Structure formats: C-alpha cells, structure tokens
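I have placed the structure first, in the form of structure tokens, so that the comments after it can refer back to it.
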Amino acid sequence: VMGNSSEFQKAVKLVIDTVSFDKDSTVQVFEATIRVLGSLLSAHIIITDTKQPFGDMTIKDYDNELLHMAHDLAVRLLPAFENTKTGIPYPRVNLKKGVPPNSNNETCTAGAGSLLVEFGILSRLLGDSTFEWVARRAVKALWSLRSNNTGLLGNVVNIQTGHWVGKQSGLGAGSDSFYEYLLKSYILFGEKEDLEMFNDAYRNIQNHLRRGREACNEGEGDPPLYVNVNMFTGQLMNTWIDSLQAFFPGLQVLIGDVEDAICLHAFYYAIWKRYGALPERYNWQLQAPDVPFYPLRPELVESTYLLYQATKNPFYLHVGMDILQSLEKYTKAKCGYATLHHVVEKTKEDRMESFFLSETCKYLYLLFDEDNPVHKSGNKYMFTTEGHIVSVDERFRNSLWQDIFPGEEDSAEKVKPNELKAVNFSSNCNRVPDERRYLLPLKSNYMRQIDRMVGLI
Ligand code: DMJ
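Numbering-wise (the numbering used here), the sequence shown opens with residue 8 and increments by one.
Quick look at the structure:
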C-alpha cells in the first residue's frame with residue numbers, strides 16, 4: 008500500500024524461506040484464516056497482478072509459493088469441518104493433528120461464518136471447490152438456524168446440536184464479520200444468494216436492533232444506536248455496545264446507507280473523544296466503560312476511512328487526525344504501539360495485535376493518501392475483514408464448478424443491491440482538517456446531543 012517494493016519483496020522471501028505450518032500448534036480457525044490465509048492470498052494476488060498498480064511487486068522466479076502455502080494451511084484447517092453434525096466448524100484445530108480430543112463444541116457466529124471470502128478465493132484460484140464448499144455450508148447452516156420470529160441469529164452455537172448457547176443478537180463481538188462477509192462475498196464472487204442473505208439480515212437488524220430516531224439527520228428523539236437483543240424475542244439484553252461494532256458504519260457505506268452510517272460513526276467518535284480511545288465495552292446507560300481496555304482496534308478508523316471515501320467531507324480527515332494524535336499520545340511505546348489496559352488510566356499492556364498494522368495503520372494511511380492506487384478509478388479493491396487487499400476481478404467471478412450445492416433452486420435471481428444513497432458534500436477540504444472550516448455531516452445540535460449522551464459535555 009505504501010509502494011515500498013523492496014521491503015515487500017524481502018518480506019515475501021522471508022515468508023517463503025522460513026514459514027512452515029507443519030507445527031504441533033492449536034490455532035483458532037477464524038484467526039488463522041483472516042490473519043494468515045488472508046495475507047498469503049492477498050500478497051499472492053498482488054504479486055501476480057499483471058497491472059502492478061502499487062509499483063513493481065513482482066518476485067523473481069516466483070512459482071506461486073504463497074498460494075501453495077495458503078493451500079497447505081487451508082488443508083490443515085479442514086479437519087475443523089469434519090465430524091460436525093451441522094457443518095458448522097470446530098473453533099480450534101491443531102495444524103498437525105487435527106481437531107484436539109474433547110474439543111469445545113461451541114463456536115461463535117462470526118468465527119464459524121466468516122471464512123467464505125478467504126476460502127472462496129482459494130477455491131477459485133486453485134479450481135478446487137472443497138474450500139468454498141465447506142465455508143459456504145457453514146454459512147448456510149448458521150443461516151438456517153436464525154429465529155423464525157425475528158430472523159436474527161445469536162452469538163454462540165453448539166456445532167453438533169445447532170442449539171443457540173448464546174442468544175444475544177448484536178453487531179459486535181461474536182457476530183460482526185458474519186454480516187460483513189455476506190456482503191463482501193457477494194461483492195467478490197457475485198453469488199446472489201449471499202446478497203439475498205445480507206439484505207435479509209440487514210432488514211432484520213434495522214427492525215430489531217436499531218433504536219432511536221428514524222432518520223439520522225432529522226426529526227425528534229435520540230440518535231440511532233444498535234443494541235444487543237435476545238434473538239428470539241427482540242428484547243434488550245444489556246446496555247452496552249462494544250468497540251467491534253464500530254465497523255458497522257463502514258459496512259453501511261458499502262451497502263449505500265451512508266446517512267445512517269454518519270450517525271452511528273458520530274456516536275463512536277464521541278466516545279473516542281472522551282477517552283482518546285474506544286473502551287472494549289461502553290455502557291450507554293451508565294455513560295462509562297464496562298470493559299476498559301483498548302487493544303488498538305481498527306474499526307472506528309475503518310469506518311472513518313470508508314465514510315471519507317463516500318462523502319469526501321473533511322470532517323473525516325479531522326477525525327482521522329484526532330485518532331492519530333491520541334494513538335501517538337497514549338499508545339506509543341519504545342518498540343511499537345501498545346494495547347491500552349485502561350482507557351481512563353491510560354495504562355499500557357505489552358501487546359500489539361497484528362491488526363494494528365494490517366488494519367488500523369493501513370486505514371489511517373489510506374485516509375490521508377488520496378492518490379493511492381487503491382483509490383484510482385479502474386482499480387477495484389476490497390478489504391478482507393483483516394484489512395488485506397484483494398482485487399475485485401473477473402477471475403473470482405468464475406467458479407469452474409457449476410453448482411456446489413446441486414438441487415437447490417436459485418431463489419435469489421431477482422435480488423438487487425440496495426440503491427446507493429451517498430450524501431454529496433462539496434469539497435472545501437484544502438487538506439486542513441479543522442473543525443470550523445467545513446460543513447459537519449450531522450446537524451450541530453445533533454452532534455451536541457451525542458456528545459451529551461456520552462458524557463462529553
Ligand atoms: C480484526 O481481527 C477483524 O476485523 C475481525 O473481523 C474482528 N476485529 C478484529 C480487530 O478488532
């Protein structure tokens with residue numbers, strides 16, 4: 008993304024020469040997929056791109072090694088999909104020995120249901136439907152378990168019985184990327200059933216999770232907020248929202264619901280302004296953190312970046328500057344950036360998650376790098392849930408297999424993406440992200456209302 012080809016080539020060679028997955032190590036299927044499989048595939052796609060928009064990222068004598076490594080890793084993850092009565096995978100697998108004896112039969116919806124982008128890309132690059140088939144089967148199994156009453160899914164399920172152990176339906180931890188990957192799978196592969204599921208899920212989320220005034224930028228009432236409810240009854244389960252949920256405005260931008268995205272983003276930004284970070288859980292009733300750590304998560308920056316791309320309102324550059332400055336001020340450590348143990352006390356932990364580089368820094372960089380190849384028209388990119396870049400191109404649209412679930416009718420033929428409702432802002436940017444120089448994306452009395460709601464004023 009920064010166009011540093013020599014470092015990229017050095018890193019790829021190091022990975023090829025030194026990384027092996029033949030390890031007696033138990034990993035989480037989801038984390039290994041989004042962090043490791045996703046980065047191998049993304050780098051492979053960049054290396055083999057005939058257009059090379061990021062500079063010369065080709066590798067001398069490259070023989071698809073990263074793709075082979077991705078294949079090797081995915082094969083080692085496959086045992087997680089065996090011996091499960093529902094088709095929903097085990098959450099953990101040993102890279103050498105398969106699923107450990109007496110493994111936990113419970114998994115979260117996001118962990119089991121957000122593997123389709125990476126597994127689908129792999130299948131389509133290899134011409135082997137196995138990987139896409141298992142990931143798709145998991146999504147369909149979860150989808151079939153949604154409540155008849157609300158259409159919502161819970162957050163923890165038993166992979167043998169299909170019984171919901173966690174009945175909480177929300178947009179944060181345990182659920183987030185499930186929704187994200189329904190839409191992103193559609194964007195990448197063009198399979199209409201994915202869009203149909205996403206549109207359905209989005210409607211149910213609006214009906215049961217969204218509270219507050221109907222329109223974001225007009226009318227009476229509280230600013231909209233997405234709460235955690237019981238999946239069967241739709242009743243409120245608690246009064247917190249989590250930091251992971253801040254990805255949702257970004258997803259709303261992708262579906263074209265920019266107006267609503269602006270509102271939810273503003274709420275999270277107000278919390279950020281109060282603490283200089285996002286607490287892992289924030290109790291909107293008590294106006295205080297419930298869980299006070301901040302592991303350098305990217306979600307707010309991600310939404311900020313996508314909202315800037317959609318609106319070009321300099322407000323989002325201002326937000327980005329603000330986030331950047333607090334990261335520098337509170338999280339910078341001698342050898343990197345540190346997890347905040349407590350957002351009020353600003354104590355640190357000796358821990359920097361890989362998503363800080365692959366997402367938080369990447370989205371911040373891209374926010375300000377207007378001329379990046381990622382933004383050039385003609386180049387179409389999508390970010391995986393771990394921020395890895397994949398090109399949206401024809402080769403992922405063509406599956407070599409006819410129908411990997413024969414016998415099922417394609418009921419989604421008529422589905423269309425929601426209409427894009429982008430908001431137009433005239434750009435008075437001048438690259439000076441000063442609050443007084445531009446139009447706020449929300450009415451100023453609404454901004455104050457949100458600030459009051461998080462105890463900022
Ligand atoms: C990332 O690993 C991914 O975005 C994942 O989907 C959930 N969130 C973390 C970072 O917070």
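Glycine included, each C-beta is placed from N, C-alpha and C at the ideal position.
Computed from a predicted model, the values in this text were never measured in an experiment.
ask   = Given a threshold of 16 other Cβ atoms within 10 Å of its Cβ, counted over all protein chains shown, does residue 342 qualify as buried or as exposed?
value = Translated into the one-based positions of the sequence shown, residue 342 becomes position 335. When all chains shown are included, residue 342 counts as exposed.
ask   = Going straight from the alpha carbon of residue 113 to that of residue 188, what length do you get?
value = To locate residue 113, count along the sequence shown from 1; it is residue 106. To locate residue 188, count along the sequence shown from 1; it is residue 181. Spanning the two alpha carbons is a distance of roughly 21 Å.
ask   = So does the region 116–124 actually touch the region 189–206, counting three or more Cβ pairs closer than 8 Å?
value = As far as the Cβ criterion goes, the region 116–124 touches the region 189–206, which means the pair count is three or higher.
query = Taking the alpha-carbon positions, what's the residue 11 to residue 62 distance?
reply = The residue labelled residue 11 in the question sits at position 4 within the sequence shown. The residue labelled residue 62 in the question sits at position 55 within the sequence shown. If you take the alpha carbons of residue 11 and residue 62, they lie about 8 Å apart.
query = Counting by C-beta, which residues lie closer than 5 Å to a heavy atom of ligand 1, in chain order?
reply = Those residues, listed in chain order, are 184, 304, 362, 392.
query = Given 8 Å as the limit, is there contact between the region 361–368 and the region 310–318, that is, 3 or more CB pairs closer than that?
reply = When Cβ pairs closer than 8 Å are counted between the two stretches, the region 361–368 is seen not to touch the region 310–318, the count staying below three.
inquiry  = Across the region 381–389 and the region 328–341, are there enough close Cβ pairs to call them in contact, namely three or more that are closer than 8 Å?
reply    = They do not touch, by the three-pair rule.
ask   = Under the three-state reduction of DSSP, which class applies to residue 472: helix, strand or coil?
value = No statement about residue 472 is possible, as the shown extent of the chain runs from 8 to 464 and does not include it.
Contiguous beta strand (DSSP E) assignments of at least 3 residues, all confined to the region 269–301 = Listed in chain order, the beta strand (DSSP E) runs fully inside the region 269–301 are 288–290, 295–298, counting runs of at least 3 residues.
ask   = In three-state terms, what does DSSP make of residue 16?
value = For the purposes of this step, residue 16 is taken as the residue at position 9 of the sequence shown. In the structure shown, residue 16 sits in a helix (DSSP, three-state: H, G or I).
query = Helix, strand or coil: how does DSSP classify residue 340 here?
reply = Numbered from 1 along the sequence shown, position 333 holds the residue referred to as residue 340. Strand.
message = Please state the DSSP three-state secondary structure of residue 54.
response = Working through the sequence shown from its first residue, we reach residue 54 at position 47. Helix.
Cα-Cα separation, residue 347 to residue 162 = Start at 1 with the first residue of the sequence shown, and residue 347 comes out as number 340. Start at 1 with the first residue of the sequence shown, and residue 162 comes out as number 155. For residue 347 and residue 162, the distance between alpha carbons rounds to 26 Å.
query = What are the start and end residues of the beta strand (DSSP E) that includes residue 388?
reply = Taking the first residue of the sequence shown as 1, we reach residue 388 at position 381. Unbroken beta strand (DSSP E) run through residue 388: 388–390.
query = For the alpha helix (DSSP H) that residue 200 lies in, which residues bound it at each end?
reply = Here the question's residue 200 lines up with position 193 in the sequence shown. Segment 199–215, the alpha helix (DSSP H) holding residue 200.
request  = Measure from the alpha carbon of residue 306 to the alpha carbon of each residue in 253, 282, 319, then state which is nearest.
outcome  = Locating residue 306 in the sequence shown gives position 299, counting from the first residue. Ranking the options by Cα distance to residue 306, first place goes to 253.
ask   = Thinking just about the alpha-carbon of each residue, which of 352, 17, 97, 68 is nearest to the one in residue 38?
value = Numbered from its first residue, the sequence shown carries residue 38 at position 31. Nearest of 352, 17, 97, 68 to residue 38, Cα basis: 97.
request  = Helix, strand or coil for residue 127, going by three-state DSSP, please let me know.
outcome  = Residue mapping note: residue 127 aligns to position 120 of the sequence shown, counting from 1. The answer is helix: DSSP assigns residue 127 an H, G or I state.
ask   = If you draw a straight line from the alpha carbon of residue 352 to that of residue 282, how long is it in whole angstroms?
value = As a first step, residue 352 is located in the sequence shown; it is residue number 345 there, counting from the start. As a first step, residue 282 is located in the sequence shown; it is residue number 275 there, counting from the start. Rounded to the nearest whole angstrom, the CA to CA distance from residue 352 to residue 282 is 9 Å.
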